[in-house]
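When we follow this note's numbering, the leftmost residue of the sequence shown carries the number 10, and every step to the right adds one. For reference, the structure is listed below as structure tokens.
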Amino acid sequence: MPNSRGHQAAPPRQKRTAPTRQSRIVDAPVEYARAVDILARRDEAGMLDLAANIQTPPEILFLLSQARETDIRALVALNAATPAAADEVLVNDPESEIRLALVQKIGRLLPEIAPADTGKLGQAATQSLARLAEDCDV
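Structure, rendered in structure tokens:
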């Protein structure tokens, strides 16, 4: 619809919402050999299941943090078991949705991390959050 100057009004900017994948996070045993096989076959459904599972081994989550599929990376970003090294990959993800999911996770976990661990884990989470806070797209 034209505005008072006759220009087409820009569509309202959609508010970024947190990924709804949070409810998909699961806690189930993961057989390591099966996880490696899923990665080797590039089984997308299997990779989504691994990305959503807090029992997935950290090195598998790290590899999944570099997946081509946005849905997989978003689940890795939300997963509380994702190692700090993977979070460092995700903090620079080109998709703002992934960075927003990472902010969500860190915000949810930071109150639990900070008092319990003032070492590397708390420091890594704080550094990632600080970098994400400077991100205009998040």
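The beta-carbon is built from N, C-alpha and C at its ideal position, and this holds for glycine as well.
Nearest to residue i by alpha carbon, out of the options?
i, options, result
"residue 3", "102, 115, 55", "Beyond the ends of the chain as shown, which are 10 and 147, falls residue 3; an answer cannot be given."
"residue 107", "78, 92, 42", "78"
"residue 38", "140, 61, 102", "61"
"residue 105", "82, 121, 120", "82"
"residue 41", "33, 66, 55, 34", "66"
"residue 136", "121, 73, 97", "97"
On the premise that residue j lies in contact with residue i, defined as a C-beta separation below 8 Å, what is that separation, rounded to the nearest angstrom?
i, j, result
"residue 87", "residue 64", "So it is not a contact: roughly 15 Å between Cβ atoms."
"residue 111", "residue 119", "About 12 Å separates the two Cβ atoms, so there is no contact after all."
For residue i versus residue j, is the C-beta spacing smaller than 8 Å?
i, j, result
"residue 57", "residue 36", "no"
"residue 92", "residue 71", "yes"
"residue 48", "residue 34", "no"
"residue 85", "residue 95", "yes"
Does residue i pass the burial test, meaning 16 or more other C-beta atoms within 10 Å, or should it be called exposed?
i, result
"residue 52", "exposed"
"residue 76", "buried"
"residue 46", "exposed"
"residue 44", "buried"
"residue 27", "Since pLDDT at residue 27 reaches only 43, below the 50 mark, its modelled position is unreliable, and no value is offered."
* Asked: Can you list, in chain order, the stretches of the alpha helix (DSSP H) that have 4 or more residues and sit fully within the segment 31-109?
  -> 41-50, 53-60, 67-73, 79-87, 93-99
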